[in-house]
Structure formats: C-alpha cells, structure tokens
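Using our numbering, the letters of the sequence shown correspond one by one to residues 1 to 99. In what follows, a single structure is set out as structure tokens and then discussed.
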Amino acid sequence: MSPQKGKGNSGRQVKRTSDEVEAAIRGVPQMHRQTLRSLSAACAVPMATIFRHMKNPRYKARSNYVKPHLTPGNIQEELKFALSLFGLTCWAPSFHRHT
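Take a look at the structure:
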C-alpha cells in the first residue's frame with residue numbers, strides 16, 4: 001500500500017458531525033445551558049465533545065445576563081461607598097476630604 005492511498009482515511013471516525021452537535025445544543029432550553037456539565041447531561045453529548053467543538057469560533061460561549069438598573073437612591077449609596085474608599089465624602093454640591 002502506498003503512503004498516498006491511506007492518507008485521509010486514517011484515524012478514528014467521528015460519531016457526531018458539527019451540525020449534529022449544534023442541533024443537539026440548540027435543542028436544549030437556555031436554563032439547562034448554564035454550564036458545560038448541565039448542557040452535556042441535557043443533550044446527551046459528552047463534555048469533551050462539546051469542549052472540542054467550542055474551540056471553533058462559530059461556537060463561542062455567550063452571556064445573556066442583563067445588568068439590573070439602579071435606582072437613584074442606590075446610585076447615591078454606591079457613589080458614597082466608592083468615595084469612602086478614597087477618604088472622600090459627598091456633600092452637595094462639592095466634595096470634601098476627610099482629615
């Protein structure tokens with residue numbers, strides 16, 4: 001057998017194509033896609049297979065978390081806390097340094 005004849009047919013055959021893995025992942029509700037482990041259990045695809053497919057830029061991990069809006073009172077408290085880290089206090093309308 002010549003070296004050219006066996007080239008391309010060697011190695012382990014794939015069990016699932018990229019399209020099959022993608023379809024299995026898309027079939028899982030968002031709630032069960034929070035971690036690779038829960039995703040793997042929900043779609044019956046091994047974690048190693050999912051991880052291998054995540055290397056492809058087409059399957060990048062995404063976050064859909066929306067940061068909650070702060071109320072004006074919470075913004076004021078957050079500002080006071082941040083300024084306290086620098087030893088400053090906030091008295092309207094100017095800032096004073098603690099001594």
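For every residue, glycine included, the Cβ atom is placed at its ideal position computed from N, Cα and C.
Distance from the CA atom of Pro68 to the CA atom of Asn9, rounded to whole angstroms, is 53 Å. DSSP places Val14 in the coil class of the three-state scheme, outside both helix and strand. Following the DSSP letters along the chain, one finds Arg52 inside the alpha helix (DSSP H) bounded by residues Met47 to Met54. The beta carbon of Lys15 is closer than 7 Å to none in its chain, skipping five residues each way along the sequence. Excluding the 5 residues flanking it on each side, Asn64 has same chain C-beta neighbours closer than 8 Å at Gln30, in chain order. Under the three-state reduction of DSSP output, Ala82 falls in the helix class. DSSP, reduced to helix, strand and coil, places Leu70 outside both helices and strands of the structure shown, so it counts as coil.
CA-to-CA, the gap between Thr35 and Arg62 works out to about 12 Å.
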